[in-house]
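**Q** First residue of the sequence shown? That's 225 in my numbering, and the numbers climb one at a time after it.
Backbone N, C-alpha and C fix where the C-beta goes; we use that ideal spot for every residue, glycine too.
Because the structure is a prediction, the values reported are computed rather than measured.
I'd like to ask you about the structure that follows.
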Amino acid sequence: MLPPAGSGRQSFRLTLSGGMMGSNVWTINGKTYPQTEVMEVHRGDLVRVSLFNMSMEAHPFHLHGQSFRIVRRNDRAFAAPLVKDTVDVGHMETVEIEFVAHNPGDWMFHCHKPMHMDGGMATLVKVG
Numbered sequence: 225m226l227p228p229a230g231s232g233r234q235s236f237r238l239t240l241s242g243g244m245m246g247s248n249v250w251t252i253n254g255k256t257y258p259q260t261e262v263m264e265v266h267r268g269d270l271v272r273v274s275l276f277n278m279s280m281e282a283h284p285f286h287l288h289g290q291s292f293r294i295v296r297r298n299d300r301a302f303a304a305p306l307v308k309d310t311v312d313v314g315h316m317e318t319v320e321i322e323f324v325a326h327n328p329g330d331w332m333f334h335c336h337k338p339m340h341m342d343g344g345m346a347t348l349v350k351v352g
């Protein structure tokens with residue numbers, strides 16, 4: 225069970241791409257870690273993240289330090305969202321997750337495929 229949301233709300237859109245022409249460069253919003261944008265939020269904020277996968281491969285996206293609800297996959301909203309810490313984002317798919325930022329710290333948010341993470345598909349969620 226997730227704690228109730230605080231008064232703040234934050235939204236982020238992450239476009240996932242890479243692996244073109246056999247390369248091992250995997251990006252979030254056109255950047256590789258550690259140049260990816262840090263998602264800075266306040267403790268208690270309700271955070272919504274939209275993940276859009278433009279690459280040809282699926283990406284199991286994993287968030288450390290928080291659990292999230294999978295609230296939408298493409299155009300389908302879920303009446304009873306699943307609570308997870310990893311969600312698979314398929315080719316040309318959009319997945320929306322939300323979580324209450326309850327655990328202070330710097331938390332990795334990354335593709336759980338080692339080659340993709342090593343190739344730069346990672347960012348930080350900073351809960352302060």
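Please classify Glu322: is it buried, with 16 or more other beta-carbons within 10 angstroms of its beta-carbon, or exposed?
**A** Buried is the call here.
**Q** Can you tell me whether Thr347 is buried or exposed, with buried defined as 16 or more other CB within 10 angstroms of its CB?
**A** Thr347 comes out buried.
**Q** Going by beta carbon distance, what residues of the same chain come within less than 6 angstroms of Arg296, once the five residues before and after it are set aside?
**A** Glu320, listed in sequence order.
**Q** Between the Cα of Val353 and those of Arg237, Val313, Leu306, spot the shortest distance and give me the residue it belongs to.
**A** Examination of residue 353 is not possible in this model, given that the chain is present from 225 through 352 alone.
**Q** Whose CA, out of Gly314, Asn298, Arg293, Met316, lies closest to the CA of Leu306?
**A** Residue Arg293 is the option with its Cα nearest to Leu306.
**Q** Whole angstroms is fine: what's the gap from Val351's alpha carbon to Arg233's?
**A** Taking the straight line joining both Cα atoms gives about 13 angstroms.
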